[in-house]
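Residue numbers (the numbering used here), protein chains in the order written: chain A, 57 to 317; chain B, 18 to 345.
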């Protein structure tokens, strides 16, 4: 069992509360997309799910155990998190960076193994960065770099993958590349994927489960069809829109009309 | 990689031999061999090598290696390529302890003065860590550097005040401030030599973890590294190594700053390769600095700290110009 859930979660920075009393069950084996306006608390929630933010109240439960009370190395074997715009380490090669994904499997006794080596190679192939293995990460383009970070998360070999705005700084073609890669990971290896996206139409196209947030609370939750209604989009974003079927795949598509007054 | 390691080791040994030979009175290979293998009590060359040159060679080796490793560690922990032990206020803390010990408690500079300097360096490191860790729990490397800079200014001011008020022993302290590896007897400094080597040996199993740390705090935490613990261990090692080196050789700038950059350029970004390499390069740099220092106005000497600064400043300026480029 790998399921992750949030139980009466209250989150904030210092005295500022961003999320209050939020309860959430992430469906296993599906791709869950969190949407919401700027400052709605979606990235904060993702950080807490990834145990990088300590809740001021409530708990995050990973397979039934409180994530803040479990050894961080053990959690790193079950859950990989790709933060928004991670700092690119100076002068590290792609292979070195991806190899860090094997850190949770190493200890004083178990040093770098054949299996680690294999997992790194496989992760680089999956994310299509194998031919960049000896390049310095710094010198890569944004799209390549994002695939390298995903390769790191894949090398971690976790059943759960969290990503904070993985496509925000990519051009449209590379956005689809990354989302297709994540979908393949989800479909072929049954990884549970949770990500924050800003693009509603891509969220509807790639998400099995959509969570709409506003002011630190969940406003709507369910399949793209149930969440992507004109009323919900208005409630989440203060945006008036028309919903039409996506001409390519038939999922709901939002055509903005204007800001709600 | 093994060829590079072997080459570095060979270069260090050759440098050490040159350091034994060089000086106002040059000595040949036979004299060195004689002094090291079958010394005689009344042979002047043997006395010169075993009494003076061996000790300054060993001190330069260990102090250079210590400073370079301490600088490399602090650069990794802060994620700042321009960080060095001096920036954390370690030199200033050691100096204050030394001045206060000599002025207020009349401690001799040798012996208990070393201990005072080491204590000062250690306490400063602890204090910097405490200040930087205060507050909302989001203490970043930047706060570490700022806390260090503030403390360094404070400690230097107090040291100067003490020196102005009480000018006794000023000469000895001046030599120490300028940095020098000469004038120590081996019996006085051998605990520091052994101590530095032990700290470096104990640190070897942690090198792999430093790689994780250098990927940035957030990434390190997501792959399950205990970041605060690692930072604390790295800082403790920095304090011990830098404090030790400062106690032995005074405040020598730039070794801790320059050498890690050279080592990374030469050996790549894996800490298991470049940090031991930095130790070798640091040892060599300080050795050659000392050799130059005793030859340049022979028979008199300039302090090795001054020689290092002459080498270091142009490099530092070049470094700043390079880091102006994105991700230089």
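Idealized CB from N, CA, C, for every residue including glycine.
Keep in mind that this is a model prediction, so the values were computed, not measured.
Under the three-state DSSP convention, the category residue i falls into
i: residue 58 of chain B; result: coil
i: residue 220 of chain A; result: strand
i: residue 246 of chain A; result: coil
i: residue 306 of chain B; result: helix
i: residue 301 of chain A; result: strand
i: residue 309 of chain A; result: strand
i: residue 209 of chain A; result: helix
i: residue 294 of chain B; result: helix
i: residue 255 of chain A; result: coil
i: residue 341 of chain B; result: Low local confidence applies: a pLDDT of 48 at residue 341 of chain B is under 50, so the model's placement there is unreliable, and no value is given.
i: residue 201 of chain B; result: coil
i: residue 315 of chain B; result: coil
i: residue 196 of chain B; result: coil
i: residue 246 of chain B; result: helix
i: residue 90 of chain A; result: strand
i: residue 81 of chain A; result: strand
i: residue 319 of chain A; result: A question about residue 319 of chain A goes unanswered here, because the residues of chain A that appear run from 57 up to 317.
i: residue 75 of chain A; result: strand
i: residue 67 of chain A; result: strand
i: residue 122 of chain A; result: strand
i: residue 239 of chain A; result: helix
i: residue 240 of chain B; result: coil
Residues near residue i in its chain [Cβ-Cβ closer than 7 Å; skip 5 each side]
i: residue 33 of chain B; result: 74, 78, 304
i: residue 85 of chain A; result: 246, 248
i: residue 76 of chain B; result: 198, 201, 206, 265, 266
i: residue 183 of chain B; result: 120
Neighbourhood of residue i by C-beta distance below 6 Å, restricted to the same chain and skipping five residues each side
i: residue 286 of chain B; result: none
i: residue 232 of chain B; result: none
i: residue 129 of chain A; result: 160
Given residue i as reference, the closest of the options once Cα atoms are compared
i: residue 304 of chain A; options: A:293, A:312, A:260, A:282; result: A:260
i: residue 41 of chain B; options: B:266, B:318, B:330; result: B:318
i: residue 272 of chain B; options: B:257, B:254, B:253, B:295; result: B:295
i: residue 140 of chain A; options: A:125, A:106, A:171; result: A:106
i: residue 101 of chain A; options: A:122, A:119, A:79, A:87; result: A:79
i: residue 162 of chain B; options: B:101, B:63, B:230, B:331; result: B:101
i: residue 282 of chain B; options: A:146, A:252, A:104; result: A:146
i: residue 81 of chain B; options: B:171, B:250, B:196, B:109; result: B:196
i: residue 256 of chain B; options: B:217, B:242, B:221, B:234; result: B:217
i: residue 44 of chain B; options: B:64, B:20, B:106; result: B:64
i: residue 224 of chain B; options: B:212, B:236, B:167, B:251; result: B:251
i: residue 96 of chain B; options: B:139, B:171, B:278, B:313; result: B:278
i: residue 171 of chain B; options: B:105, B:203, B:222, B:211; result: B:105
i: residue 107 of chain B; options: B:214, B:99, B:336, B:143; result: B:143
i: residue 223 of chain A; options: A:234, A:214, A:279; result: A:234
C-beta contact flag for residue i and residue j at 9 Å
i: residue 312 of chain A; j: residue 284 of chain A; result: no
i: residue 272 of chain A; j: residue 295 of chain A; result: no
i: residue 300 of chain B; j: residue 292 of chain B; result: no
i: residue 245 of chain B; j: residue 39 of chain B; result: no
i: residue 137 of chain B; j: residue 180 of chain B; result: no
i: residue 256 of chain A; j: residue 310 of chain A; result: yes
i: residue 318 of chain A; j: residue 91 of chain A; result: Since the first residue of chain A shown is 57 and the last is 317, residue 318 of chain A is not available in this structure.
i: residue 160 of chain A; j: residue 132 of chain A; result: yes
i: residue 111 of chain A; j: residue 138 of chain A; result: no
i: residue 268 of chain B; j: residue 322 of chain B; result: yes
i: residue 109 of chain A; j: residue 117 of chain A; result: no
i: residue 218 of chain A; j: residue 317 of chain A; result: no
i: residue 145 of chain B; j: residue 159 of chain B; result: no
Contact belief for residue i with residue j at Cβ below 8 Å, rounded distance in angstroms
i: residue 212 of chain A; j: residue 157 of chain A; result: 4 Å
i: residue 90 of chain B; j: residue 254 of chain B; result: 6 Å
i: residue 72 of chain B; j: residue 308 of chain B; result: Actually they are not in contact, since the Cβ atoms of residue 72 of chain B and residue 308 of chain B sit about 15 Å apart, beyond 8 Å.
i: residue 267 of chain A; j: residue 277 of chain A; result: 5 Å
i: residue 290 of chain B; j: residue 284 of chain B; result: 4 Å
i: residue 115 of chain B; j: residue 175 of chain B; result: In fact, because the Cβ distance is near 12 Å, the residues do not count as touching under 8 Å.
i: residue 88 of chain B; j: residue 276 of chain B; result: 6 Å
i: residue 141 of chain B; j: residue 103 of chain B; result: With a Cβ gap of about 11 Å, residue 141 of chain B and residue 103 of chain B do not count as contacting.
i: residue 230 of chain A; j: residue 88 of chain A; result: Actually they do not touch by this definition, with Cβ atoms about 22 Å apart.
i: residue 288 of chain A; j: residue 275 of chain A; result: 7 Å
i: residue 67 of chain B; j: residue 52 of chain B; result: 6 Å
i: residue 193 of chain A; j: residue 148 of chain A; result: 5 Å
Amino acids of chain C, ordered along the chain, whose beta-carbon sits closer than 8 Å to that of residue i
i: residue 152 of chain A; result: Given the protein chain composition of this structure (A and B), no chain C is represented.
Contacts around residue i, its chain only, beta-carbon distance under 8 Å, and the 5 residues preceding and following it disregarded
i: residue 185 of chain A; result: 150, 154, 200, 203, 204, 207
i: residue 209 of chain B; result: 79, 131, 135, 261, 264, 265
i: residue 306 of chain A; result: none
i: residue 177 of chain A; result: 186
i: residue 226 of chain B; result: 242, 247
i: residue 64 of chain A; result: 77, 78, 79, 113, 114, 115
Residue i CB to nearest heavy atom of the ligand MN below 8 Å
i: residue 331 of chain B; result: No copy of the ligand MN occurs in the structure displayed, which carries no ligand at all.
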